[in-house]
Amino acid sequence: MKTLTAYIHEAQMNKRAIAHFNVANSDMLMSIFHGAQEVSEECGEKIPVLIGVTEGERDAFGVTQIVDYITSLRNEHDYPIFVNADHTYSVERACEAIDAGFDMVIYDGANISHEENLKNTQQVVAYRNEVNPECLIEAEFGFIGSGSNIKDTLPDHVSEETMTDPNEAQRFVQDTGIDALAPSVGNVHGMVKSGNPALNPGRVRAILEETHIPLVLHGGSGSTDEDFLKVIQAGISIIHISTELRVLFRKGIEESFQAHNAELAPYRYFKEAKKALKNKAKERIKLFWAYK
């Protein structure tokens, strides 16, 4: 089977993007996996998918346990499913994920000083090089906000003036040796009630021209299909989806309780939530990889 690096390269060459879904439990994970399998059968090719787990989600699963879970699915089904240690805020936890065998680790130093972010990212890359060279290291450069929540209004920091500067990004990539970059290009973590901001494909293109490494879009939930396709064409290779999955999962459980308030078996009252997640995963995978 091809490596994650090979699939990212394929995405770059063919103007596609790998869908990245955050999960908090095995029900969410299996819903997305089954959705990916169904889309692959429909499209006639095994389409890669990335599963992301934040620090909190890793603690809920178990750091090594989630790696073992994903690895078993990949091996048993011969399917290109990979696992990413999403939004890791300390060097120690990044190294923990590298030790555990994650396919990808994101060191997120967007909320600290540039100097400290640079130093910490360099340490993470150096540790990866020594311990697990096949693990990809991504860094967030430019503030995208935080939190998987529903925001009343667009945060003040989201503007063209605060987007990632292509030249600064190039220097950061060169100085750290990272494998992928998550820039600020009009995106915001979470979702905005009034609608998420328009993504800026021109800024994506400019950053790619300077950095020449895979670019990752965080905060994808709530963006329009049209905006997604524009930034994929401009050079985005991975797109993160989290908040809209959490909203759907919670809504599905609430509706199940309302319809069957005496039900006690979790696998039964998770049924509608899992169905909603599977359908959303199929929708996003088709759009990002196959443009359908």
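For what it's worth, our numbering labels the leading residue of the sequence shown as -4, then goes sequentially. The beta-carbon is built from N, C-alpha and C at its ideal position, and this holds for glycine as well. Here the structure is a predicted model, which means the values were calculated and not measured.
Three-state secondary structure (DSSP) of Y102: Within the sequence shown, the letter at position 107 stands for residue 102. DSSP places Y102 in strand when its eight states are reduced to three.
Bounding residues of the alpha helix (DSSP H) (the contiguous stretch that carries E87): Counting from one through the sequence shown, the residue named residue 87 turns up at place 92. E87 -> alpha helix (DSSP H) spans 86 to 95.
Assigned secondary structure, S232 (DSSP; H/G/I helix, E/B strand, else coil): The residue given as residue 232 occupies position 237 in the sequence shown. Residue state, collapsed to three classes: strand.
Close Cβ partners of Y102 (< 6 Å) along its chain, the five nearest in sequence each way excluded: Counting from 1 along the sequence shown, the entry for residue 102 is found at position 107. Answer for Y102: T83, A89, T116, V119, A134, listed in chain order.
Continuous alpha helix (DSSP H) assignments of at least 4 residues falling wholly in the segment 30 to 56: 50 to 56
Classification of G39 by the beta-carbon crowding that lies within 10 angstroms, buried from 16 upward: Position 44 of the sequence shown, counted from the first residue, corresponds to residue 39. That one is exposed.
Pick from R263, F283, K275, M25 that is closest to I233, judged by C-alpha positions: Mapped onto the sequence shown, residue 233 falls at position 238. Ranking R263, F283, K275, M25 by Cα distance to I233 puts F283 first.
Pairwise C-alpha distance: I208 and S21: Mapped onto the sequence shown, residue 21 falls at position 26. Mapped onto the sequence shown, residue 208 falls at position 213. Going from the Cα of S21 to the Cα of I208 covers about 32 Å.
V199 vs V226 beta-carbon contact at 7 Å: As a position in the sequence shown, residue 199 is number 204, starting the count at 1. As a position in the sequence shown, residue 226 is number 231, starting the count at 1. Yes. Within cutoff.
Nearest residue (CA-CA) to M158, options V180, S85, T206: As a working note, residue 158 is residue 163 in the sequence shown. When each option's Cα is compared against that of M158, the closest is V180.
Where D81 falls, given that 16 or more other Cβ within 10 Å makes a residue buried: Numbered from 1 along the sequence shown, position 86 holds the residue referred to as residue 81. The residue is buried, with at least 16 neighbouring Cβ atoms inside 10 Å.
Exposed unless 16 or more other CB atoms sit within 10 angstroms - verdict on G137: Taking the first residue of the sequence shown as position 1, residue 137 is located at position 142. So G137 counts as buried.
Residue range of the beta strand (DSSP E) that includes F136: The sequence position of residue 136 within the sequence shown is 141, counting from 1. F136 -> beta strand (DSSP E) spans 131 to 136.
Residue span of the alpha helix (DSSP H) that contains I65, given as start and end: As a working note, residue 65 is residue 70 in the sequence shown. I65 -> alpha helix (DSSP H) spans 58 to 72.
Rounded distance between the beta-carbons of D220 and L194, thought under 8 Å: Translated into the one-based positions of the sequence shown, residue 194 becomes position 199. Translated into the one-based positions of the sequence shown, residue 220 becomes position 225. Actually they are not in contact, since the Cβ atoms of L194 and D220 sit about 11 Å apart, beyond 8 Å.
Limits of the unbroken alpha helix (DSSP H) element including F167: Along the sequence shown, read from residue 1 onward, the residue named residue 167 stands at position 172. It spans 161 to 171 - the alpha helix (DSSP H) in which F167 sits, taken as one unbroken run.
6 Å Cβ shell around I3 - same chain, five flanking residues per side excluded: Working through the sequence shown from its first residue, we reach residue 3 at position 8. P209, S232.
For V78, the residue or residues it bridges with in DSSP: As a working mapping, residue 78 is identified with position 83 in the sequence shown. Answer by DSSP bridge pairing, in chain order: I46.
Given G197 as reference, the closest of D160, G217, R166 once Cα atoms are compared: The residue you call residue 197 lines up with position 202 of the sequence shown. Nearest C-alpha to G197: D160.
CB contact flag (V58, A95, <7 Å): Here residue 58 refers to the residue found at position 63 of the sequence shown. Here residue 95 refers to the residue found at position 100 of the sequence shown. Their beta carbons are under 7 Å apart, which means V58 touches A95 by this criterion.
For N9, the nearest candidate out of A268, A229, K275 (CA to CA): If you number the sequence shown from 1, residue 9 lands on position 14. Of the candidates A268, A229, K275, the one whose C-alpha sits nearest the C-alpha of N9 is A229.
One or two residues paired with N17 in a DSSP bridge: Here residue 17 is taken as the residue at index 22 of the sequence shown, counted from 1. Answer is G47, bridged to N17.
For V211, the first and last residue of its enclosing beta strand (DSSP E): By one-based count along the sequence shown, residue 211 stands at place 216. Here the beta strand (DSSP E) through V211 covers 210 to 212.
Among G215, R123, F244, the one whose alpha carbon lies nearest that of A14: Taking the sequence shown and counting its residues from 1, the one referred to as residue 14 is at position 19. Measuring from the Cα of A14, the nearest candidate turns out to be G215.
Contacting residues, own chain, Cβ-Cβ under 6 Å from Q165 (five flanking each side not counted): Here residue 165 corresponds to residue number 170 of the sequence shown, with the count starting at 1. Taken in chain order, the residues that qualify are E205, T206.
Contact check, V78 vs I46, beta carbons under 7 Å: Looking up residue 78 in the sequence shown gives position 83. Looking up residue 46 in the sequence shown gives position 51. In contact: V78 and I46 (Cβ atoms closer than 7 Å).
DSSP bridge partner residues for L176 (one or two, in chain order): The sequence position of residue 176 within the sequence shown is 181, counting from 1. A134, L210.
Which residues DSSP lists as bridging T83, in chain order: On the sequence shown, position 88 is the one that residue 83 refers to. BP columns for T83 point to Y102.
Span separating the alpha-carbon of F28 from that of V48: Taking the sequence shown and counting its residues from 1, the one referred to as residue 28 is at position 33. Taking the sequence shown and counting its residues from 1, the one referred to as residue 48 is at position 53. Going from the Cα of F28 to the Cα of V48 covers about 15 Å.
Alpha carbon of L212 to alpha carbon of A177, nearest angstrom: Residue numbering aside, residue 212 sits at position 217 when the sequence shown is read from its first letter. Residue numbering aside, residue 177 sits at position 182 when the sequence shown is read from its first letter. Each residue's alpha carbon lies about 6 Å from the other.
Close beta carbons around M25, own chain, < 8 Å, minus the five adjacent residues each side: Mapped onto the sequence shown, residue 25 falls at position 30. Same-chain partners within the cutoff: K269.
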